[in-house]
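Participant: Below is one structure. I have some questions about it.
In full-length UniProt numbering, the protein residues as written are 1 to 201.
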């Protein structure tokens with residue numbers, strides 16, 4: 001085989017690998033899109049039937065300054081769901097965000113809530129969930145605490161809230177994996193009791 005034939009063979013091999021890689025990426029995207037569409041359908045069902053919660057009004061709990069810790073490496077800025085974040089997830093996530101906000105509007109105003117877009121770091125790399133800083137300062141303890149997440153089936157999961165970092169650490173990974181959360185999913189968090197969230201997916 002001469003040099004030109006070797007070069008042509010290498011080019012065909014490279015093109016074949018590139019095609020296979022793009023094909024795999026396309027299949028993965030279609031699977032994600034299908035799951036997202038299924039969750040949008042579930043949100044539609046919730047909107048039709050309404051969402052109501054009847055529990056005690058949450059009360060702010062304070063902790064002494066010395067109870068605060070610096071035990072985790074993670075840090076968390078005030079990460080809210082912005083138009084810039086939505087840009088990364090195309091129409092499916094934008095539609096999911098609108099429906100999640102509609103679910104939030106139908107919740108009782110007596111219970112504070114927020115909407116959160118799932119980023120890659122939340123559901124696959126690191127499993128660290130930043131919460132809105134303003135919400136944490138207004139409604140969550142000033143020291144590290146256990147925060148309970150209640151899913152649509154009333155199953156409870158314990159997570160560790162880090163007050164200085166404004167986020168959920170230990171326990172969040174298990175919740176995320178158990179509920180098969182994906183990048184681009186949108187969740188509604190409603191504080192139904194001190195340190196207890198109803199999570200609507």
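All C-beta atoms, glycine included, are put in the ideal place defined by N, C-alpha and C. Fair warning: this is a prediction, and the values are worked out from it, not measured in the lab.
Just verifying my parser: in three-state terms, what is the DSSP assignment at residue 105?
Facilitator: Taking the chain shown and counting its residues from 1, one reaches residue 105 at position 105. Helix.
Participant: Locate the beta strand (DSSP E) running through residue 187, then write down its first and last residues.
Facilitator: Counting from 1 along the chain shown, the entry for residue 187 is found at position 187. Note, residue 187: beta strand (DSSP E), 186-193.
Participant: Just the Cα atoms here: how many angstroms apart are residue 194 and residue 139?
Facilitator: As a first step, residue 194 must be located in the chain shown, where it is residue number 194. As a first step, residue 139 must be located in the chain shown, where it is residue number 139. Roughly 8 angstroms separates the two Cα atoms.
Participant: From 127, 170, 120 and 201, pick the residue whose C-alpha is nearest to that of residue 159; which is it?
Facilitator: In the chain shown, residue 159 corresponds to position 159, counting from 1. Taking only the C-alpha atoms, the option nearest residue 159 is 170.
Participant: Count Cβ pairs between the stretch 138-153 and the stretch 100-109 that sit closer than 8 angstroms; are there 3 or more?
Facilitator: The stretch 138-153 is not in contact with the stretch 100-109.
Participant: Could you tell me the distance, in whole angstroms, from the CA atom of residue 178 to the CA atom of residue 149?
Facilitator: Locating residue 178 in the chain shown gives position 178, where the first residue counts as 1. Locating residue 149 in the chain shown gives position 149, where the first residue counts as 1. About 12 angstroms.
Participant: Would you identify the three-state DSSP class for residue 170, choosing helix, strand or coil?
Facilitator: As a position in the chain shown, residue 170 is number 170, starting the count at 1. Three-state result, residue 170: coil.
Participant: Sort out for me which residues DSSP pairs residue 130 with in a bridge.
Facilitator: Reading the chain shown from its first residue, position 130 is the one you call residue 130. Per DSSP, 167.
Participant: Please name the residue or residues paired with residue 158 in a DSSP beta bridge.
Facilitator: Position 158 of the chain shown, counted from the first residue, corresponds to residue 158. Answer by DSSP bridge pairing, in chain order: 148.
Participant: CB-CB under 6 angstroms to residue 201, same chain, minus the five flanking residues each way: which ones, in chain order?
Facilitator: As a working mapping, residue 201 is identified with position 201 in the chain shown. If we look at residue 201 and ignore the five residues flanking it on each side, its Cβ neighbours are 187.
Participant: Can you check DSSP and say which residues form a bridge with residue 111?
Facilitator: Translated into the one-based positions of the chain shown, residue 111 becomes position 111. DSSP output for residue 111 lists no bridge partner at all.
Participant: Can you name, in chain order, every residue of its own chain whose Cβ lies under 7 angstroms from the Cβ of residue 67, other than the five neighbours on each side?
Facilitator: Counting from one through the chain shown, the residue named residue 67 turns up at place 67. Because the pLDDT of residue 67 is 43, which lies under 50, any placement of that residue in the model is unreliable, and the question is left without a value.
Participant: Which of helix, strand or coil does DSSP assign to residue 119?
Facilitator: As a position in the chain shown, residue 119 is number 119, starting the count at 1. Three-state result, residue 119: coil.
Participant: Flag this pair as yes or no: are the beta carbons of residue 127 and residue 157 separated by less than 7 angstroms?
Facilitator: The sequence position of residue 127 within the chain shown is 127, counting from 1. The sequence position of residue 157 within the chain shown is 157, counting from 1. Contact: no.
Participant: Alpha carbon to alpha carbon, how far is residue 198 from residue 109?
Facilitator: Along the chain shown, one-based indexing puts residue 198 at 198. Along the chain shown, one-based indexing puts residue 109 at 109. Cα to Cα, residue 198 sits roughly 14 angstroms from residue 109.
Participant: Locate the beta strand (DSSP E) running through residue 198, then write down its first and last residues.
Facilitator: For the purposes of this step, residue 198 is taken as the residue at position 198 of the chain shown. Start and end: 196-200.
Participant: When burial is assigned at 16 or more other CB atoms within 10 Å of the CB, is residue 180 buried or exposed?
Facilitator: The residue given as residue 180 occupies position 180 in the chain shown. The residue is exposed, with fewer than 16 neighbouring Cβ atoms inside 10 Å.
Participant: So, residue 111 versus residue 162, is the Cβ gap smaller than 7 angstroms?
Facilitator: The sequence position of residue 111 within the chain shown is 111, counting from 1. The sequence position of residue 162 within the chain shown is 162, counting from 1. No, these two residues do not count as a Cβ contact at 7 angstroms.
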